[in-house]
Amino acid sequence: MSAAADLDRAVSVAPGVHWIGAFDPDLRNFDIILRTANGTSYNAYAVRGSHGVAIIDTVKLNFSETFFRRLESVADYDEITTIVLNHLEPDHSGALPELLRRAPGASLLVSPQARLMLQGLFDPSALEGRVVFVGSGDSADLGDRQLEFFNTPYLHWPDTQCTWLAAAGVLFSADFLGCHFCDTRLFNDAVGDFRFSFDYYYRHIMRPFRAYVRTALDLIESLPLQIIAPGHGPILRQDPRDYVCRYRALSAPGLHGAGPKTLLVFYISAYGATRRMAEAVAAGAESAASGGEVRVSLYDLEGGHAQPFVDLIEEADALVFGSPTINGDAVKPVWDLLSSLTMVDVKGKIGAAFGSYGWSGEAVPMIEDRLRRLKLRVPLSGVKARLTPTVDDFTACHDLGHQVALHLLGRASPRAIDMASLD
Amino acid sequence: MPRANVTFQDIGVTVTVPAGTRLIEVSEKVGAGITYGCREGECCTCLTRIVSGHEHLAAPSVLESQVLKDNLAPRRHRLACQAQILGGNIVVQPA
Chain A
1 MSAAADLDRA
11 VSVAPGVHWI
21 GAFDPDLRNF
31 DIILRTANGT
41 SYNAYAVRGS
51 HGVAIIDTVK
61 LNFSETFFRR
71 LESVADYDEI
81 TTIVLNHLEP
91 DHSGALPELL
101 RRAPGASLLV
111 SPQARLMLQG
121 LFDPSALEGR
131 VVFVGSGDSA
141 DLGDRQLEFF
151 NTPYLHWPDT
161 QCTWLAAAGV
171 LFSADFLGCH
181 FCDTRLFNDA
191 VGDFRFSFDY
201 YYRHIMRPFR
211 AYVRTALDLI
221 ESLPLQIIAP
231 GHGPILRQDP
241 RDYVCRYRAL
251 SAPGLHGAGP
261 KTLLVFYISA
271 YGATRRMAEA
281 VAAGAESAAS
291 GGEVRVSLYD
301 LEGGHAQPFV
311 DLIEEADALV
321 FGSPTINGDA
331 VKPVWDLLSS
341 LTMVDVKGKI
351 GAAFGSYGWS
361 GEAVPMIEDR
371 LRRLKLRVPL
381 SGVKARLTPT
391 VDDFTACHDL
401 GHQVALHLLG
411 RASPRAIDMA
421 SLD
Chain B
1 MPRANVTFQD
11 IGVTVTVPAG
21 TRLIEVSEKV
31 GAGITYGCRE
41 GECCTCLTRI
51 VSGHEHLAAP
61 SVLESQVLKD
71 NLAPRRHRLA
81 CQAQILGGNI
91 VVQPA
C-alpha cells in the first residue's frame with residue numbers, strides 16, 4: 001500500500017487545497033469508547049487564496065512534527081492569515097499552540113461555543129488577541145476565495161462547526177462524516193473498504209446527537225458538494241453525497257417514528273415479585289391509553305442483550321425499570337442496560353422505577369437517580385414493595401403505569417405543590 | 001418571606017417557592033425535564049425557555065449572559081442553574 005501521503009509531503013485535494021494531516025496506524029482504541037482495527041488519521045488541510053493561506057484543523061500533539069513538515073511543503077508560516085479549528089478536541093488541536101507561535105500573523109477562527117474549551121485547553125496568553133468567533137453566515141476572506149462557516153454544534157462537542165470552500169466545492173466537516181480508518185491512499189475511491197468504519201463511527205460518536213446530525217444535514221445538503229474533507233478517515237471525493245445520504249438514513253427515526261407513543265417496561269425478577277409488579281405497571285399504562293395512543297411493551301432483561309434494548313429505547317418515549325434490591329443495589333443487568341444508554345439520546349424521555357426488596361429497597365431511588373442523570377424526566381415517585389407485593393402495592397404499580405402513560409399523552413392532571421413538601 | 005409560583009410546563013407541576021430560590025433547586029426535586037451538566041453556569045446544558053414571567057427572575061450575571069451569547073440562546077432563555085426567582089408567576093419549559 002503506497003501513496004504520496006507515505007512521504008511527509010502535502011497531498012493535493014483540490015485546486016489550492018492540500019491535506020497536511022498525519023496517519024496513526026497503530027491506534028487501537030480511541031477516546032476509550034471506540035476500537036480502531038487499523039488506526040486512524042488526523043486530517044488537517046491548507047487552503048491557499050490570493051491573499052493568504054488558511055490552515056483548517058491540526059493534529060494530535062505527538063504527530064505535530066509530521067504535520068508541520070507537510071504544511072511547510074505547501075506554505076510559509078508568514079503566509080498563514082487564518083487558522084480554523086472546526087473542533088477543539090486534542091486530536092485536532094494538539095499542534096495549535098506551536099502553529100500559533102510559528103504563524104504569528106494568523107487569526108484563530110472558532111465557533112462561539114469553543115470559548116470555554118479554549119480556556120480549558122490552552123494557555124490564555126498564547127491566544128490573546130488572536131481569537132475570532134464565527135458562526136453561520138460568517139466568512140473568512142482569502143482574496144479570490146472565501147471560507148464560509150456553518151455552526152453545527154454537538155457533532156460531537158458543543159464547539160463543532162463545518163467550513164465550506166465554495167470555490168472548490170469542499171466541505172471541511174471535522175468529525176462529522178468522518179471515521180477511524182487509516183489508509184495512506186487517503187481518498188475514498190482509493191482506500192480499502194471502510195464502510196464498516198463509517199457506520200461504526202456514526203454509531204459510537206454521532207448517534208447520541210442524532211437530532212443535531214439531522215439539523216447539520218439540513219444545513220449542508222443543498223451545497224454543491226464536490227469533496228467532503230473530514231477530520232478523520234478517507235477524504236470523500238467520489239460520490240460525496242452518498243455519505244450524506246447514509247448519515248440521513250442512520251439518523252432517521254426507526255419504523256413507526258410517527259406512530260403511537262411508546263412505553264417500555266423493563267424488569268428482572270428473582271422470585272416473581274418484581275415481575276408481577278411490572279405486569280401491573282404495564283396494565284396501568286394500557287388502561288390510560290385504550291385508544292391505542294400508547295404502545296406498551298414488557299421485557300424481561302434476563303431474556304435479552306443490552307444492545308437491542310438500546311435500539312428500542314432510542315425510539316421510545318417512556319422507560320420504566322423494575323429491579324429487586326440485592327445487597328443494597330439494583331441488579332447488574334439493569335445497570336448494564338442503564339450504562340449503555342449514553343450511546344443514544346434519551347434526554348427528555350419520561351422515566352420511572354419500581355421493584356421489590358427485602359429490608360432496605362435502594363434499587364428504586366438508585367435507578368431514578370441514574371435516569372435523572374441521563375437527563376430523563378422523572379415526574380413520578382417510584383413504587384417499592386417489601387418482599388411479596390400487597391394489593392396496595394399492585395394498585396400503586398398500576399397507578400404508576402397509568403400516570404406515566406398520561407404524562408406521555410399530555411393528559412396528566414396539573415399539580416400544585418409547595419416546595420417545603422418536597423424535602 | 002415573599003413567595004413565587006413556578007410552573008414546569010413539561011410535567012404540569014406548579015411549585016410554590018420562597019423568593020431567592022434558583023430554578024435548579026426546585027426543578028430537580030419535581031422531576032422536570034430541565035437537565036443539568038456543570039451546574040456552574042458554564043456548559044449551557046440547562047438552557048430553559050421562560051414561557052412567561054421572565055421579569056420575575058433576577059437579571060443574568062455577566063457570566064450567564066456570556067454563556068447564553070456563546071451558545072446562541074434565543075430570547076427569553078435562561079440557565080436554570082443560575083436563574084434566581086424573585087416572585088410572581090413564572091412558567092418554564094426545557095429548551
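As given, the protein sequences belong to chains A and B, one line each in that order.
At the far end of the first sequence sits residue 423, using UniProt numbering, and the numbering has no gaps.
At the far end of the second sequence sits residue 95, using UniProt numbering, and the numbering has no gaps.
Every residue, glycine too, gets a C-beta built ideally from N, C-alpha and C.
Note that the coordinates shown come from a computational prediction; the quantities given were computed from them, not determined experimentally.
Cross-chain neighbours of I417 of chain A in chain B, by beta carbon under 8 Å: Along the first sequence, one-based indexing puts residue 417 of chain A at 417. Result: V13, T14, V15, T16, V30.
Y267 of chain A versus L147 of chain A: straight-line alpha-carbon distance, rounded: Within the first sequence, residue 267 of chain A is the residue found at index 267, counting from 1. Within the first sequence, residue 147 of chain A is the residue found at index 147, counting from 1. C-alpha separation (whole angstroms): 53 Å.
I56 of chain A - containing beta strand (DSSP E), residue span: Along the first sequence, read from residue 1 onward, the residue named residue 56 of chain A stands at position 56. I56 of chain A -> beta strand (DSSP E) spans 52-56.
Selection from B:R39, B:G20, B:C44 that minimises the alpha carbon distance to L57 of chain B: Against the second sequence, residue 57 of chain B aligns to sequence position 57. Of the listed residues, the one whose Cα sits closest to L57 of chain B is B:G20.
Within chain B, partners of Q113 of chain A - CB distance below 9 Å: Start at 1 with the first residue of the first sequence, and residue 113 of chain A comes out as number 113. When 9 Å is used as the limit between beta carbons, Q113 of chain A is near these residues of chain B: C44, D70, N71, L72, in chain order.
Closest Cα partner of P158 of chain A within the set B:V15, B:G37, B:R75: Residue numbering aside, residue 158 of chain A sits at position 158 when the first sequence is read from its first letter. Distance check between P158 of chain A and each of B:V15, B:G37, B:R75 places B:G37 closest, using alpha-carbon atoms only.
Assigned secondary structure, G39 of chain A (DSSP; H/G/I helix, E/B strand, else coil): For this step, residue 39 of chain A is matched to residue 39 along the first sequence. Here G39 of chain A sits in coil by DSSP.
Cα-Cα separation, F194 of chain A to P208 of chain A: As a first step, residue 194 of chain A must be located in the first sequence, where it is residue number 194. As a first step, residue 208 of chain A must be located in the first sequence, where it is residue number 208. Near 22 Å, if we compare the C-alpha coordinates of P208 of chain A and F194 of chain A.
Closest Cα partner of Y154 of chain A within the set B:T45, B:L68, B:V13: Taking the first sequence and counting its residues from 1, one reaches residue 154 of chain A at position 154. Nearest C-alpha to Y154 of chain A: B:T45.
Pair within 8 Å by beta-carbon distance, G192 of chain A and G231 of chain A: In the first sequence, the residue the question calls residue 192 of chain A occupies position 192. In the first sequence, the residue the question calls residue 231 of chain A occupies position 231. Contact: no.
Option in A:V110, A:L116, A:F394, A:Y271 with minimal Cα separation from A140 of chain A: In the first sequence, counting from the first residue as 1, residue 140 of chain A sits at position 140. The candidate whose alpha carbon is nearest that of A140 of chain A is A:V110.
Buried or exposed by the 16-neighbour rule on C-beta atoms within 10 Å, applied to E42 of chain B: For the purposes of this step, residue 42 of chain B is taken as residue 42 along the second sequence, with counting starting at 1. It is buried - the Cβ of E42 of chain B has at least 16 other Cβ atoms within 10 Å.
Contacts of H305 of chain A in chain B (Cβ-Cβ under 7 Å): As a first step, residue 305 of chain A must be located in the first sequence, where it is residue number 305. The premise fails here: H305 of chain A is roughly 28 Å from chain B at the closest Cβ pair, so nothing lies under 7 Å.
Where A412 of chain A meets chain B, residues with beta-carbon distance less than 8 Å: Counted from its first residue, the first sequence places residue 412 of chain A at position 412. Within chain B, the residues near A412 of chain A are I11, G12.
Three-state secondary structure assigned by DSSP to S287 of chain A: Taking the first residue of the first sequence as 1, we reach residue 287 of chain A at position 287. Helix at S287 of chain A.
Other residues of its chain near R241 of chain A: CB distance less than 7 Å, five sequence neighbours each side excluded: To locate residue 241 of chain A, count along the first sequence from 1; it is residue 241. Excluding residues within five positions, the ones whose Cβ falls inside 7 Å are L225.
Proximity below 8 Å, CB of A16 of chain B to CB of D418 of chain A: To locate residue 16 of chain B, count along the second sequence from 1; it is residue 16. To locate residue 418 of chain A, count along the first sequence from 1; it is residue 418. Looking at the sequence itself, residue 16 of chain B is Thr, so the reference to Ala does not match. The answer is yes: Cβ separation under 8 Å.
Cβ-based neighbour list, V213 of chain A, same chain, cut-off 7 Å, excluding 5 preceding and 5 following: Your numbering for residue 213 of chain A matches position 213 in the first sequence. Contacts found: L155, M206, Y247, S251.
Proximity test, V92 of chain B beta-carbon vs the ligand SAH heavy atom, cut-off 7 Å: For the ligand SAH, the structure offers nothing, since it holds no ligand at all.
Chain-ordered chain A contacts of V26 of chain B [CB-CB under 8 Å]: Along the second sequence, read from residue 1 onward, the residue named residue 26 of chain B stands at position 26. Ordered by position in chain A, the residues that pass the 8 Å Cβ test against V26 of chain B are M419, L422.
Nearest-angstrom Cα separation, counted from E55 of chain B out to N89 of chain B: Working through the second sequence from its first residue, we reach residue 89 of chain B at position 89. Working through the second sequence from its first residue, we reach residue 55 of chain B at position 55. The straight-line gap separating the alpha-carbon atoms of N89 of chain B and E55 of chain B is approximately 10 Å.
Interface flag, P60 of chain B vs chain A, CB-CB below 8 Å: In the second sequence, the residue the question calls residue 60 of chain B occupies position 60. Among the CB atoms of chain A, none fall inside 8 Å of the CB of P60 of chain B.
Check whether T152 of chain A and L219 of chain A have beta carbons under 8 Å apart: Walking along the first sequence from the start, residue 152 of chain A turns up at place 152. Walking along the first sequence from the start, residue 219 of chain A turns up at place 219. Here T152 of chain A is near L219 of chain A, since their CB atoms are less than 8 Å apart.
Neighbour list for P94 of chain B in chain A, Cβ cutoff strictly below 8 Å: Along the second sequence, read from residue 1 onward, the residue named residue 94 of chain B stands at position 94. Taking the beta carbon of P94 of chain B as reference, the chain A residues within 8 Å of it are G348, listed in sequence order.
Which listed residue (A:H402, A:A22, A:A353, A:K347) has its alpha carbon closest to that of T184 of chain A: Within the first sequence, the letter at position 184 stands for residue 184 of chain A. Ranking A:H402, A:A22, A:A353, A:K347 by Cα distance to T184 of chain A puts A:A22 first.
Interface flag, S2 of chain A vs chain B, CB-CB below 8 Å: Here residue 2 of chain A refers to the residue found at position 2 of the first sequence. Only weak support exists for where S2 of chain A lies, its pLDDT of 47 falling under 50; the value from the coordinates is given anyway. Under the Cβ criterion of 8 Å, S2 of chain A is not counted among the residues facing chain B.
Burial state of Q119 of chain A (16 or more Cβ within 10 Å): Within the first sequence, residue 119 of chain A is the residue found at index 119, counting from 1. In this structure Q119 of chain A is exposed. Its beta-carbon is surrounded by fewer than 16 other beta-carbon atoms within 10 angstroms.
Whole runs of the alpha helix (DSSP H) within the UniProt domain "Flavodoxin-like" (263-405) of chain A, excluding any shorter than 4 residues: 273-288, 306-315, 332-338, 363-373, all fully within the UniProt domain "Flavodoxin-like" (263-405) of chain A.
6 Å Cβ shell around G87 of chain B - same chain, five flanking residues per side excluded: Locating residue 87 of chain B in the second sequence gives position 87, where the first residue counts as 1. The beta carbon of G87 of chain B lies closer than 6 Å to those of P2, A4, A19, H56 in the same chain, with the five residues before and after it left out.
Runs of alpha helix (DSSP H) lying entirely within the region 180-204 of chain A, each at least 4 residues, in chain order: Residue ranges of uninterrupted alpha helix (DSSP H) with 4 or more members, entirely inside the region 180-204 of chain A and ordered along the chain, are 195-201.
Beta-carbon spacing of F150 of chain A, A229 of chain A below 8 Å: The residue you call residue 150 of chain A lines up with position 150 of the first sequence. The residue you call residue 229 of chain A lines up with position 229 of the first sequence. Cβ atoms of F150 of chain A and A229 of chain A: not closer than 8 Å.
Neighbour list for residue 443 of chain A in chain B, Cβ cutoff strictly below 8 Å: This structure cannot speak to residue 443 of chain A, because chain A is shown only from 1 to 423.
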